[in-house]
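One structure below.
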Amino acid sequence: MTNASTTATCPVCELELVFSDEQRKTLICSNGHRFDAAKQGYFNFLTGKGTNFLEDTSPMVQARDAFQSKGHYAPLAQRLAALINEHHHSDVLEILDAGAGTGYYLAEILKASPSTHQDALALDISRYAMRRATKVPATLAMVWDVWRKLPTADASRDVVLNCFAPHNPAEFRRVLRANGLCLVVTGEPGHLQEVIEPLGMLSVAEGKQESLTEKFGSEQLRHIASENLSYTMSLDSSDLFNLAFMGPAGHHLSPDTLRDKAEALGTQEVTASFGVHIFAPSA
Ligand SMILES: C[S@@+](CC[C@H](N)C(=O)[O-])C[C@H]1O[C@@H](n2cnc3c(N)ncnc32)[C@H](O)[C@@H]1O
Ligand SMILES: [Zn+2]
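As structure tokens, this is what we get:
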């Protein structure tokens, strides 16, 4: 993003949004809808709209950041970057991350991409997640509900990324270019199996892949391939605490009880098992 234009659209009227100021603190559309950045730099498009979803809290996001910055999920980030680089050969990379969290995968993908003009939209319902994602270079971070119409134009993205977050295949299809790629990451049944019960985490639902390909297929997203990425992580008690607290169970777990449980476990060898599902627009 080198000038005032953006690739985001107005959440009210769907016209293009541009920055009205040098500091990139205000976005406006030509109908005069205006959005001011929060002081941490992200834009909250949900103001006044409310939402039914529970946002990840500040301590949950902090736990995610601490866990991810130790590189435990780096093999997944590298695989996603490699898949994009194998498929996408253009100087311009326009990507949207739906349910971006801290923007960890986005940052790694942008870092590994040879494209010189990069533009990313990071969407998440959590304000605390967007505070961090706003620090990812070339990224506009927006608080938004991915179940709603996504704030970008039809056929405007080369890649839609969706890691461990809610899916909206109809919208993913709408915003993807005809030669675009949609990458969906899920936890597979063996994922974190050694510690799910002892840490009181939620386990991965069975039969996800079938329902995913069906759901995406019915929205004109063709299933290209799915691959499994599995490896063992050596996690100490602070990693175990962060791992449990950064997930959906973080909404319910008491930090003190969790810390005691993680300390009692000590260092553990834990399975990471991801499904990486690749979709492309049907002709
Ligand atoms: C398990 S985290 C994954 C975050 C990130 N993709 C990652 O892998 O690090 C799920 C994310 O989805 C976000 N989320 C949940 N419901 C959402 C919704 N309806 N719209 C947008 N984001 C949502 C949460 O706030 C959270 O950041
Ligand atoms: Zn507008």
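As numbered in the numbering used here, residues 45 to 327 make up the sequence shown, in order. Where a beta carbon is used, it is the ideal one built from N, C-alpha and C, also for glycine. Being a predicted model, the structure only gives us computed values, none of them experimental.
Can you give me the Cβ contacts of residue 46 inside the same chain, cut-off strictly under 7 Å, excluding the 5 residues immediately before and after it? The predicted position of residue 46 is uncertain, since its pLDDT is 41 and thus under 50; no value can be drawn from it.
Taking 7 Å as the cut-off, is the CB of residue 168 close to at least one heavy atom of ligand 1? yes
Residue 175: buried (16+ other C-beta within 10 angstroms of its C-beta) or exposed? buried
Candidates 203, 277 and 264: closest to residue 149 by CA position: Of 203, 277 and 264, the residue nearest in Cα terms is 203.
Helix, strand or coil, according to DSSP, for residue 230 in the structure here? Residue state, collapsed to three classes: strand.
According to DSSP, is residue 241 part of a helix, a strand, or is it coil? helix
Tell me which residue opens and which closes the beta strand (DSSP E) that residue 112 is part of. Here residue 112 belongs to no beta strand (DSSP E); instead the alpha helix (DSSP H) covers 102-113.
On the DSSP bridge list, what partners appear for residue 56? None, per the DSSP bridge assignment.
What do you reckon, are the CB atoms on residue 127 and residue 144 nearer than 8 Å? no
Ignore the nearest five residues each way along the sequence and tell me which others in residue 160's own chain have a CB closer than 6 Å to its CB. In the same chain as residue 160, and ignoring 5 residues on each side of it, the C-beta atoms closer than 6 Å to its own belong to 135, in chain order.
Can you tell me where the alpha helix (DSSP H) holding residue 313 begins and where it ends? For residue 313, there is no enclosing alpha helix (DSSP H); the enclosing beta strand (DSSP E) covers residues 312-325.
Hey, is the stretch 253-272 in contact with the stretch 313-323, meaning 3+ C-beta pairs nearer than 8 Å? yes
Go ahead and label residue 207 buried or exposed: buried means 16 or more other beta carbons lie within 10 angstroms of its beta carbon, across all protein chains shown. buried
Do you know offhand how far residue 278's Cα is from residue 180's? 27 Å
Got a sec? Which residues, its chain only, sit under 6 Å from residue 79 by beta carbon, not counting five neighbours each side? 71 and 87
Is the stretch 185-200 touching the stretch 285-295, taking contact as three or more C-beta pairs under 8 Å? no
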